[in-house]
DNA sequence: CCATTAAATTGACCATGGTCATTTAATAAT
DNA sequence: ATTATTAAATGACCATGGTCAATTTAATGG
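Chains as they are written, first to last, in the working numbering: chain A, 1 to 192; chain B, 1 to 192.
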């Protein structure tokens, strides 16, 4: 007989997430230790892994959740009408995604789902981001020779590239803003 | 007195690399274990870490070396004159970079150096790739409204995006080739 | 209310990358 | 040659993520 999920289960899971969030608040993402989480949540280590496939799965949920809330904001604004406005709109997302090298790497690794069954929060937000940006592009004076879908995917590629390069000591003289501007000008409004 | 590097040192290092290469040949990159490498090389574990900062540093050297050899080939060919030719030229590189998810992730993570002092093989090859592609672009009928540098960086962004998306179960219906084509057409020869 | 079954929890244990005080070997100084 | 000095190698040990057989707790049926 299909037994329903126990209240206990949800409580335990909530306690684990809450403990993790609190520790992240204190010390950031990278230094989070499973050991500390279970200690703070008052559970055994094995319980953690009964609730999350691995440590990354917890991170996917927490980080994915943050991104999703940032996308809620993006979904509400008016479509940016030029490149500087577009960049400005995307900045909060960029700032969070690059708040730690560890966070960016994890986001990148989880931006695509390895299998259909394991589409996580982060992978979902990447799809949602494309949709939102597509919506913008339908109401903005950018190139019309290619689909808004392709245009949005290209923007995502440049966004990721700008953030990745920003972590590189060889190239981090330019801010993400300044690096992104020429890319997007060339992509969205080519002058040929 | 500046003491020169002992022959012994070079030999040990060479043995470690040779052992790793052999094991990778057998079982691929991901399943390589430091324990196995030192066993095969006949050294203690500590010796490994006296020669390489960590396991990733060895991977950076081996993977970076492979990429560099592929770039040697790319440096010699004639500049591709259209998008399909360009994609074809880049395919060997793509194939190696995506031979394992683990390899691609490591490449991505090391494509930028965290600090000037730690520029590794992979980061170096990324710079070299830009240079080679820039050389191509100077001799090909693509858009001229932006610098070859920017154009080459954009190509790199699309290349990485196409490879990343290829690992995603949601989007891997298209081959890297087919995914890259519309991107590069739109980037290199915009029709506005 | 007890017996049965399934879900949830536990913690000892494992796998693996990485550290470091100690030992051994090579080179330079006398 | 002998000693002093520096480089290289060693392996016991640690840190941390992850596993799993055993136990406890909750739901279900008679």
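Cβ coordinates follow ideal geometry from the N, Cα and C atoms, glycine included.
Note that this is a predicted model, so its numbers are computed, not measured.
CA-to-CA distance, residue j to residue i, given in whole angstroms
i, j, result
"residue 171 (chain B)", "residue 63 (chain A)", "22 Å"
"residue 120 (chain B)", "residue 60 (chain B)", "7 Å"
"residue 184 (chain B)", "residue 177 (chain A)", "23 Å"
"residue 67 (chain A)", "residue 77 (chain B)", "43 Å"
"residue 163 (chain A)", "residue 89 (chain A)", "15 Å"
"residue 180 (chain B)", "residue 75 (chain B)", "21 Å"
"residue 99 (chain A)", "residue 126 (chain A)", "18 Å"
"residue 72 (chain A)", "residue 137 (chain A)", "17 Å"
"residue 94 (chain A)", "residue 158 (chain A)", "12 Å"
Extent of the continuous alpha helix (DSSP H) run through residue i
i, result
"residue 48 (chain B)", "45–51"
"residue 179 (chain A)", "176–188"
"residue 36 (chain B)", "34–41"
Simplified DSSP state of residue i, which is helix, strand or coil
i, result
"residue 94 (chain B)", "helix"
"residue 144 (chain B)", "coil"
"residue 7 (chain A)", "helix"
"residue 128 (chain A)", "helix"
"residue 114 (chain B)", "coil"
"residue 78 (chain A)", "coil"
"residue 173 (chain B)", "coil"
"residue 192 (chain B)", "coil"
"residue 30 (chain B)", "coil"
"residue 62 (chain B)", "helix"
"residue 54 (chain A)", "coil"
"residue 104 (chain A)", "helix"
CB contact below 8 Å: residue i versus chain A
i, result
"residue 170 (chain B)", "yes"
"residue 111 (chain B)", "yes"
"residue 55 (chain B)", "no"
"residue 26 (chain B)", "no"
"residue 102 (chain B)", "no"
"residue 150 (chain B)", "yes"
"residue 129 (chain B)", "no"
"residue 190 (chain B)", "yes"
"residue 64 (chain B)", "no"
"residue 242 (chain B)", "Residue 242 (chain B) lies beyond the range of chain B shown here (1 to 192); nothing can be said about it."
"residue 38 (chain B)", "no"
Test item: CB-CB of residue i and residue j under 8 Å
i, j, result
"residue 38 (chain A)", "residue 47 (chain A)", "yes"
"residue 123 (chain B)", "residue 108 (chain B)", "no"
"residue 186 (chain B)", "residue 150 (chain A)", "yes"
"residue 15 (chain A)", "residue 41 (chain A)", "yes"
"residue 160 (chain A)", "residue 161 (chain B)", "yes"
"residue 53 (chain B)", "residue 34 (chain B)", "no"
"residue 18 (chain A)", "residue 32 (chain A)", "no"
"residue 190 (chain A)", "residue 83 (chain B)", "no"
"residue 79 (chain B)", "residue 169 (chain A)", "no"
"residue 167 (chain A)", "residue 102 (chain A)", "no"
CB contact check: residue i to chain B, cutoff 8 Å
i, result
"residue 145 (chain A)", "yes"
"residue 91 (chain A)", "no"
"residue 105 (chain A)", "yes"
"residue 116 (chain A)", "yes"
"residue 160 (chain A)", "yes"
"residue 83 (chain A)", "no"
"residue 41 (chain A)", "no"
"residue 141 (chain A)", "no"
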